[in-house]
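Trainee: When the count follows my numbering, it moves up by one through the sequence shown with no breaks and lands on 367 for the last residue. In this text, a Cβ means the ideal position worked out from N, Cα and C, and glycines have one as well.
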Amino acid sequence: MNMIEKYKIPVSPFEDSEVKEVLDFADIPLLYIEADSIGKLYLNYLDKFADDNLEQRFVIPISDGRLNALKKGSISVGEAFCHPETPLIFLTHVSQLDGRIKEIYLLPDDVFQTLNSVSTEYFLSIEAESAPESKIVKGKKLLVEVEAFVEEQKSLFNAEEVFMALKVIHLMQDRLQVAFK
187 MNMIEKYKIP
197 VSPFEDSEVK
207 EVLDFADIPL
217 LYIEADSIGK
227 LYLNYLDKFA
237 DDNLEQRFVI
247 PISDGRLNAL
257 KKGSISVGEA
267 FCHPETPLIF
277 LTHVSQLDGR
287 IKEIYLLPDD
297 VFQTLNSVST
307 EYFLSIEAES
317 APESKIVKGK
327 KLLVEVEAFV
337 EEQKSLFNAE
347 EVFMALKVIH
357 LMQDRLQVAF
367 K
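#1: Thinking just about the alpha-carbon of each residue, which of E307, H356 and E346 is nearest to the one in L328?
#2: Of the choices R361, L352 and I275, whose alpha-carbon is the least far from that of Y231?
#3: List the residues that DSSP assigns as beta-bridge partners of V304.
#4: Which residues in the same chain have their Cβ closer than 7 Å to the Cβ of S305, if we skip the five residues on either side of it in sequence?
#5: Which class does H269 belong to by DSSP, given the choice of helix, strand or coil?
#6: Could you tell me the boundaries of the beta strand (DSSP E) in which R286 lies?
#7: Kindly indicate which residue of E333, Q282, V348 and E346 has the alpha-carbon position closest to the one of M358.
#8: Counting C-beta neighbours from all protein chains within 10 Å, is the total for I290 16 or more, i.e. buried, or is it exposed?
#9: Cα-Cα, which of E347, A351 and L310 is closest to L229?
#10: Flag this pair as yes or no: are the beta carbons of D202 and D233 separated by less than 8 Å?
#11: Between R243 and V197, which are expected to be in contact by the criterion C-beta below 8 Å, what is the C-beta distance as a whole number of angstroms?
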């Protein structure tokens, strides 16, 4: 890590950033989109665990067009990091305990590429379903899970609460059916 020490910056532009969309998840978010306080989008990738409870992440600015190409599979995640839209890439060390950035580096592309471990074969798995159909499927699954939860836990609720909860669930299921026929 000594070779990047001179690229350390004292202030993080991500202090007020907000995760907008998780693109890949396996126990923890591997890849997500975040936006800073002025709405600029960044692609954030978990590279590795630098130490116990410390994630090393690569972060690049990304345009809406490039993000759409990534989601459609026109480019891989690796290609996005191999050929970023800007000549500078952020490398962050983030605490898993509190989610705060402990160290941040602003690396020139040539230095970053020596550290870049993102595979050019890493494409997002976007379902073949259209967006509305995907939302219907997700909505139905969620409602089935909520209904099962209510049924399993009905001893914790009075009969009227259980009846109303199930009624709302069934109403929502009916609306999903009608809305997308």
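Mentor: Inspection of the coordinates gives the following:
#1: For L328, the closest of E307, H356 and E346 by C-alpha to C-alpha distance is H356.
#2: Minimum Cα distance to Y231 is reached at I275.
#3: In the DSSP assignment, no residue is bridged to V304.
#4: Excluding five sequence positions before and after S305, the CB atoms of its chain that fall closer than 7 Å to its own CB belong to G264, given in chain order.
#5: H269 carries a coil assignment under DSSP once its states are collapsed to helix, strand and coil.
#6: Careful: R286 lies outside any beta strand (DSSP E) and carries neither H nor E.
#7: Checking every option, the nearest Cα to that of M358 belongs to E333.
#8: When all chains shown are included, I290 counts as buried.
#9: Scanning E347, A351 and L310 for the CA closest to the CA of L229 turns up L310.
#10: No.
#11: Incorrect: roughly 17 Å between the Cβ atoms, too far for contact.
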